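Chemist:
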Amino acid sequence: MYVCGITPYDATHLGHAATYIAFDLVQRVWLDNGHRVHFVQNITDIDDPLLERAARDGIDWRDLAAREIQLFREDMTALRVLPPQDYIGAVEAMDEVSAAVQTLLDSGAAYRVDDEAHPDVYFDIASAPKFGYESRYDLDTMLTLSAERGGDPDRPGKRNALDPLLWRTEREGEPSWASPMGPGRPGWHIECAAIAGNRLGPTIDVQGGGSDLIFPHHECSAAHSEVLTGVAPFARHYAHAGMISLDGEKMSKSRGNLVFVSTLRADGVDPAAIRVALLAGHYRADRPWSADLLDQAVARLEQWRMAAKRNGKDATDTLAALRAALADDLDTPTALAELDRWADDESLDGALIADAADALLGIPLRAAVAGEDLRP
Numbered sequence: 000m001y002v003c004g005i006t007p008y009d010a011t012h013l014g015h016a017a018t019y020i021a022f023d024l025v026q027r028v029w030l031d032n033g034h035r036v037h038f039v040q041n042i043t044d045i046d047d048p049l050l051e052r053a054a055r056d057g058i059d060w061r062d063l064a065a066r067e068i069q070l071f072r073e074d075m076t077a078l079r080v081l082p083p084q085d086y087i088g089a090v091e092a093m094d095e096v097s098a099a100v101q102t103l104l105d106s107g108a109a110y111r112v113d114d115e116a117h118p119d120v121y122f123d124i125a126s127a128p129k130f131g132y133e134s135r136y137d138l139d140t141m142l143t144l145s146a147e148r149g150g151d152p153d154r155p156g157k158r159n160a161l162d163p164l165l166w167r168t169e170r171e172g173e174p175s176w177a178s179p180m181g182p183g184r185p186g187w188h189i190e191c192a193a194i195a196g197n198r199l200g201p202t203i204d205v206q207g208g209g210s211d212l213i214f215p216h217h218e219c220s221a222a223h224s225e226v227l228t229g230v231a232p233f234a235r236h237y238a239h240a241g242m243i244s245l246d247g248e249k250m251s252k253s254r255g256n257l258v259f260v261s262t263l264r265a266d267g268v269d270p271a272a273i274r275v276a277l278l279a280g281h282y283r284a285d286r287p288w289s290a291d292l293l294d295q296a297v298a299r300l301e302q303w304r305m306a307a308k309r310n311g312k313d314a315t316d317t318l319a320a321l322r323a324a325l326a327d328d329l330d331t332p333t334a335l336a337e338l339d340r341w342a343d344d345e346s347l348d349g350a351l352i353a354d355a356a357d358a359l360l361g362i363p364l365r366a367a368v369a370g371e372d373l374r375p
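Here the sequence shown is numbered in numbering that gives the first Met the number 0, starting from 0 and rising by one per residue.
Shown next as structure tokens:
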């Protein structure tokens, strides 16, 4: 499984948390079914938003990235998100990413724009005859999303407006790295194609991320990988988490309506309650965040933790119901309803379901009683 990571220029918000909790469930269900899981995640630790934020705040971009990566890891640990086996930054992978770009150039699948000052390298989508199969969007939608999500469809000299950037040649005042194409830094999509392909092989089981990555990011990274390797599909399954909104608008940095995990934690909110609140909606659904949702999660968690203390009759039927709900496209609303039913039935034992809630859903129940370490 490959799940696209953060660009570390700001703290982890609830949209991030919802996405990474969703794919944490995938890993937990696979582990529960006896599979060995190889989970890889990148960090886009060099990109325009990071440089812009560092310049705005008067901080070195490397220091900003290091600070936000550390905070992200702390937030994920608090939310009990199992870490990936490989957690790779773009800077760390620069040599392998630039080698992939050169391979595409050598094969004729990439080209330089006719720009004497900045002969950037672009991917020719005509080299990927299946381009568009992952998102299934029409041309107008792809052009709109490309312009909104980091693309440059109006760049002069491109063969196709949708051709994505592979290598940005050196600009004054920007960091750059040596490469066969000359100094510069990579485009976003080739970063993920190289990092995933070099660790997981040409075809993976699941490519995950937020629904805002469907196009252009996942479409382009799949095209890059499939042309590089000659193997299709890049991913057997694409899974996308829905967006979290606040007051009727998608939660995003551009709107300035973010709710940060670290802020909630600093205010004394139990991270388990944040996780329960996010699991109350289906991972694929766009859904709102509210103080009421968090209050409901706190109340549920208290009820379940009280139930975890009980000695009673066998609760294997509840365990089976939890597994069945998660097997049905990670149906967490149903799984949480099963926990409610278990808690309401005072005859049922607590230990088995407390352990199951922890292992399958990442919700710690017994630790509130016994004081165990909650870290994954």
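All residues carry an ideal CB built from backbone N, CA and C; glycine is no exception.
Remember, predicted model here, so these are calculated numbers, not experimental data.
For Trp228, which residues in the same chain have their Cβ closer than 8 Å to its Cβ, ignoring the five residues on either side in sequence?
Modeler: A small correction: the amino acid at residue 228 is Thr; Trp does not occupy that position in the sequence shown. Contacts found: Gly196, Pro201.
Chemist: Trp187 and Arg178 - do their beta-carbons sit closer together than 8 Å?
Modeler: Correcting the residue type first, residue 178 is Ser in the shown sequence and not Arg. Taking 8 Å as the Cβ cut-off, Ser178 and Trp187 do not qualify as a contacting pair.
Chemist: I'd like to check one pair, Arg322 with Glu345: are the Cβ atoms closer than 8 Å?
Modeler: no
Chemist: DSSP three-state label for Ser289, please.
Modeler: coil
Chemist: Identify the continuous alpha helix (DSSP H) that holds Ile194 and give its terminal residues.
Modeler: 187 to 199
Chemist: For Phe259, which of helix, strand or coil comes out of DSSP?
Modeler: strand
Chemist: According to the Cβ coordinates, are Ala279 and Pro332 closer than 8 Å?
Modeler: In contact: Ala279 and Pro332 (Cβ atoms closer than 8 Å).
Chemist: Find out if the Cβ-Cβ distance for the pair Asp74, Thr6 is shorter than 8 Å.
Modeler: Taking 8 Å as the Cβ cut-off, Asp74 and Thr6 do not qualify as a contacting pair.
Chemist: Please classify His15: is it buried, with 16 or more other beta-carbons within 10 angstroms of its beta-carbon, or exposed?
Modeler: buried
Chemist: Helix, strand or coil: which one does DSSP assign to Tyr86?
Modeler: strand
Chemist: Could you check what DSSP says for Asp313 in three-state terms: helix, strand or coil?
Modeler: Three-state result, Asp313: coil.
Chemist: How is Phe71 classed by DSSP in three states: helix, strand or coil?
Modeler: Three-state result, Phe71: helix.
Chemist: How big is the Cα-Cα spacing for Ala89 and Asp44?
Modeler: Going from the Cα of Ala89 to the Cα of Asp44 covers about 6 Å.
Chemist: Taking its Cβ as the centre, do 16 or more other Cβ atoms sit within 10 Å of Ala334, making it buried, or is it exposed?
Modeler: buried
Chemist: Rounded to whole angstroms, what's the CA-CA distance from Ser261 to Ser126? Just pull it up for me.
Modeler: 44 Å
Chemist: In chain order, what residues of the same chain have a beta carbon less than 7 Å from the beta carbon of Asp23, not counting five sequence neighbours either side?
Modeler: Val80, Leu81, Gly361
Chemist: Specify whether the segment 210 to 229 and the segment 100 to 107 touch according to this definition: at least 3 beta carbon pairs, one from each stretch, less than 8 Å apart.
Modeler: yes
Chemist: Starting from Asp204, trace the beta strand (DSSP E) both ways and give me its first and last residue.
Modeler: 203 to 209
Chemist: Look at His236 and Ile213 and say whether their C-beta atoms are less than 8 Å apart.
Modeler: No, these two residues do not count as a Cβ contact at 8 Å.
Chemist: Express the C-alpha separation of Leu199 and His376 in angstroms, rounding to a whole number.
Modeler: In the structure as shown, the chain starts at 0 and stops at 375, and residue 376 therefore has no counterpart that could be examined.
Chemist: Is Ile362 helix, strand or coil when you go by DSSP?
Modeler: coil
Chemist: Given Leu70, which residues of its chain have a CB within under 8 Å of its CB, disregarding the five upstream and five downstream residues?
Modeler: Ala10, Thr11, Ser261
Chemist: For Val258 and Met305, what's the separation of their Cα atoms in angstroms?
Modeler: 29 Å
Chemist: Is it the case that the Cβ atoms of Lys157 and Tyr121 are separated by a distance below 8 Å?
Modeler: yes
Chemist: Taking Arg148 as part of the beta strand (DSSP E), name the residues at either end of that continuous run.
Modeler: Note, Arg148: premise wrong, no beta strand (DSSP E); not H, not E.
Chemist: For Tyr19, which residues of its own chain have a beta-carbon under 8 Å away from its beta-carbon, when the five flanking residues on both sides are left out?
Modeler: Val2, Met75, Leu78, Val80
Chemist: Between Val368 and Leu329, what straight-line distance do the alpha-carbon atoms span, to the nearest angstrom?
Modeler: Residue placement at Val368 is poorly supported in this model, since its pLDDT is 37, which falls under 50; the coordinates are not used for a value here.
Chemist: What does the Cβ neighbour count give for Pro163, buried or exposed, with the cut at 16 atoms within 10 Å?
Modeler: Looking at its Cβ environment, which holds 16 or more other Cβ atoms inside 10 Å, Pro163 is buried.
Chemist: With contact counted as at least three CB pairs below 8 Å, one residue from each stretch, are the segment 139 to 153 and the segment 213 to 223 in contact?
Modeler: Yes, the segment 139 to 153 touches the segment 213 to 223.
Chemist: Per DSSP, what are the beta-bridge partners of Ile20 in this structure?
Modeler: In the DSSP output, where bridge partners are listed per residue, Ile20 has none listed.
Chemist: Taking Glu301 as the reference, which of Ala326, Leu318, Arg283, Val275 has the closest Cα?
Modeler: Val275
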